[in-house]
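In what follows, a single structure is set out as structure tokens and then discussed.
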Amino acid sequence: MGTPDFSVPCLEALIKTEEVVGVFTQPDKPKGRGYELTPPPVKVCAEKYNIPVFQPASMRDGKALEIINSLNAELIIVVAFGKILPKEVLESVKYGCINIHASLLPKLRGAAPIQWSIINGEEVTGVTSMQMDVGLDTGDMLIKKSIPITENMNAGELHDALSVLGAEVMTETIDLLKKGELNPQIQDDSLSNYAPMLSKDLCPIDFSDTAKNVHNKIRGLYPWPVAVTKLSGKALKIHESRLSDTKTCANAGTVIDLKDGICVACGDGNTVLLTEVQLEGKKRMNYSDFLRGHKIEKGTVLGG
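My numbering applies: residue 3 is where the sequence shown begins, and numbers increase by one.
So, in structure tokens, the structure goes:
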């Protein structure tokens, strides 16, 4: 059970080692300017291998359970499926449901752990396999693997790294399950925090925050929904940034230099370099190309 690109490496790894009797994924959704119905990446992968695909609108009306029972599966692997599974589904197969979650649980339960790990300034994250229960990412932990979050890594890059790591964690979990060597660990709820779904309400950048927090937010919101500020009343998307060594007494949001990027003062006296930007209605550009076509002077104030 999975839906987006993140789930595909796990499905491909399963196909190589197990008998995959069925794939559950979200219904096709309209995309693009023409709103053409587009299948989820997991469906595309499953159909390539002629695996039956099921796309129920609900997991709670009994129809999904009927399908699961007809498949005679022993184990359900859940990777970014996007639907809550009721108790009867969780208990419908011999070994239950194992979730591959993109955080080091109990940290960052919820819908967007990859992005929030960067926004929150974490330096390490990873993947946890978990025996699912009826709570939100609260089941017993099985296997964990971690990776570092480097200073300029964005959420898209971390997503890709964790999707590969997720397949490794899943494979190791299944191997230990077969050997009867899994050692479930209860989560400490007091250590948990929540990673809510992203929305465009998060996009505006507040330069009165610290430079590090501004930089973390920019890279955490890339490639979607993308951080934004205002330049002369127009929306300016910020696709990429870097931290700068430059210190300043200028007011937050003030452009203080244009040499290595659009260098903007932040609330802690440090600065951030905006290196790839996109003015509303225009193409994405690196800062040097942008500055050739758009006159920005030192002292220009972003935001507002």
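Even for Gly, the Cβ is constructed at its ideal location relative to N, Cα and C.
Burial state of residue i (16 or more Cβ within 10 Å)
{"i": "Leu242", "result": "The question names Leu, but residue 242 is Glu in the sequence shown. So Glu242 ends up on the buried side."}
{"i": "Arg221", "result": "buried"}
{"i": "Val2", "result": "The question about residue 2 has no answer, for the chain in this structure spans 3 to 306."}
{"i": "Leu223", "result": "buried"}
{"i": "Cys251", "result": "exposed"}
{"i": "Asn101", "result": "buried"}
{"i": "Gly168", "result": "buried"}
{"i": "Ala59", "result": "exposed"}
{"i": "Met199", "result": "exposed"}
{"i": "Thr152", "result": "exposed"}
{"i": "Ile258", "result": "buried"}
{"i": "Ser165", "result": "buried"}
{"i": "Asp247", "result": "exposed"}
{"i": "Val80", "result": "buried"}
{"i": "Ile78", "result": "buried"}
{"i": "Val136", "result": "exposed"}
{"i": "Pro108", "result": "buried"}
{"i": "Leu233", "result": "buried"}
{"i": "Leu39", "result": "exposed"}
{"i": "Ser119", "result": "buried"}
Inter-residue spacing [alpha-carbon to alpha-carbon] between residue i and residue j
{"i": "Leu193", "j": "Leu110", "result": "9 Å"}
{"i": "Leu92", "j": "Cys99", "result": "6 Å"}
{"i": "Gly158", "j": "Glu68", "result": "37 Å"}
{"i": "Ile213", "j": "Ala75", "result": "The residue you asked about is not Ile; residue 213 is Ala in the sequence shown. Those two C-alpha atoms are separated by around 51 Å."}
{"i": "Gly64", "j": "Leu281", "result": "49 Å"}
{"i": "Cys47", "j": "Glu20", "result": "15 Å"}
{"i": "Pro206", "j": "Val25", "result": "38 Å"}
{"i": "Pro6", "j": "Val95", "result": "24 Å"}
{"i": "Leu144", "j": "Thr27", "result": "24 Å"}
{"i": "Ala15", "j": "Ser9", "result": "10 Å"}
{"i": "Thr277", "j": "Lys146", "result": "35 Å"}
{"i": "Ile121", "j": "Met155", "result": "11 Å"}
{"i": "His296", "j": "Leu238", "result": "12 Å"}
{"i": "Val126", "j": "Leu160", "result": "11 Å"}
{"i": "Glu183", "j": "Glu90", "result": "26 Å"}
{"i": "Lys33", "j": "Trp226", "result": "15 Å"}
{"i": "Pro115", "j": "Gly84", "result": "13 Å"}
{"i": "Leu13", "j": "Gly263", "result": "41 Å"}
{"i": "Lys236", "j": "Ile70", "result": "51 Å"}
{"i": "Ile17", "j": "Gly112", "result": "27 Å"}
{"i": "Ala254", "j": "Leu138", "result": "39 Å"}
{"i": "His103", "j": "Pro29", "result": "21 Å"}
{"i": "Asn215", "j": "Gly123", "result": "7 Å"}
{"i": "Asn195", "j": "Thr140", "result": "11 Å"}
{"i": "Phe62", "j": "Pro88", "result": "The question names Phe, yet the displayed sequence has Arg at residue 62. Distance between the alpha carbons of Arg62 and Pro88: 6 Å."}
{"i": "Pro11", "j": "Glu299", "result": "47 Å"}
Reference residue i, options the options, closest by Cα
{"i": "Gly269", "options": "Leu13, Thr256 and Leu281", "result": "Thr256"}
{"i": "Pro150", "options": "Ile86, Ala163 and Glu90", "result": "Ala163"}
{"i": "Leu275", "options": "Cys251, Leu304, His217 and Thr250", "result": "His217"}
{"i": "Lys261", "options": "Phe292, Ala59 and Asp203", "result": "Phe292"}
{"i": "Ala197", "options": "Ser105, Phe83, Pro225 and Lys147", "result": "Ser105"}
{"i": "Ala267", "options": "Val279, Gly283, Leu245 and Lys284", "result": "Leu245"}
{"i": "Val2", "options": "Gly182, Trp118 and Val44", "result": "There is simply no residue 2 to check, as the chain begins at 3 and stops at 306 in what is shown."}
{"i": "Lys202", "options": "Met172, Val230 and Lys180", "result": "Val230"}
{"i": "Asp142", "options": "Trp118, Gln117, Gly235 and Asn185", "result": "Asn185"}
{"i": "Arg307", "options": "Val303, Val279, Ile53 and Lys180", "result": "Past the edges of the chain, shown from 3 to 306, lies residue 307, and the structure says nothing about it."}
{"i": "Tyr97", "options": "Gly112, Lys18 and Lys180", "result": "Lys180"}
{"i": "Ile240", "options": "Asn253, Gly271, Asp208 and Glu49", "result": "Asp208"}
{"i": "Ile53", "options": "Lys284, Pro29 and Leu73", "result": "Leu73"}
{"i": "Gly301", "options": "Ser210, Asn272, Cys265 and Glu49", "result": "Cys265"}
{"i": "Thr273", "options": "Val228, Lys284, Ile298 and Asp211", "result": "Asp211"}
Closer than 7 Å to chain C by CB, residue i
{"i": "Leu110", "result": "As a matter of chain content, chain C is missing from the structure shown, which is built from one protein chain."}
Handout entry: the stretch 284-293 contacting the stretch 184-194, beta-carbon criterion three pairs below 8 Å
Key = Judged by Cβ distances under 8 Å, the stretch 284-293 makes no contact with the stretch 184-194, as fewer than three pairs qualify.
Practice task
Can you check the stretch 244-299 for any alpha helix (DSSP H) of at least 4 residues that lies completely inside it and give the ranges in chain order?
Solution key: As far as the stretch 244-299 is concerned, its whole alpha helix (DSSP H) runs of at least 4 residues are 289-295.
Practice task
Give, in chain order, every unbroken run of the beta strand (DSSP E) that is at least 3 residues long and sits entirely within the stretch 200-243.
Solution key: You should have 229-233.
Handout entry: Inter-stretch contact (C-beta, 8 Å, three-pair minimum) for the stretch 124-132 and the stretch 167-184
Key = Contact between the stretch 124-132 and the stretch 167-184 is present, because at least three Cβ pairs lie under 8 Å.
Practice task
Identify every run of the beta strand (DSSP E) within the stretch 94-152, keeping only runs that are complete inside it and at least 3 residues long; order them along the chain.
Solution key: Runs of the beta strand (DSSP E) inside the stretch 94-152: 99-103, 126-133 and 142-150.
Practice task
Only counting runs of 4 or more residues, tell me where the alpha helix (DSSP H) segments fall wholly within the stretch 10-66, in order along the chain.
Solution key: Runs of the alpha helix (DSSP H) lying entirely within the stretch 10-66, each at least 4 residues long, are 10-19 and 43-50 in chain order.
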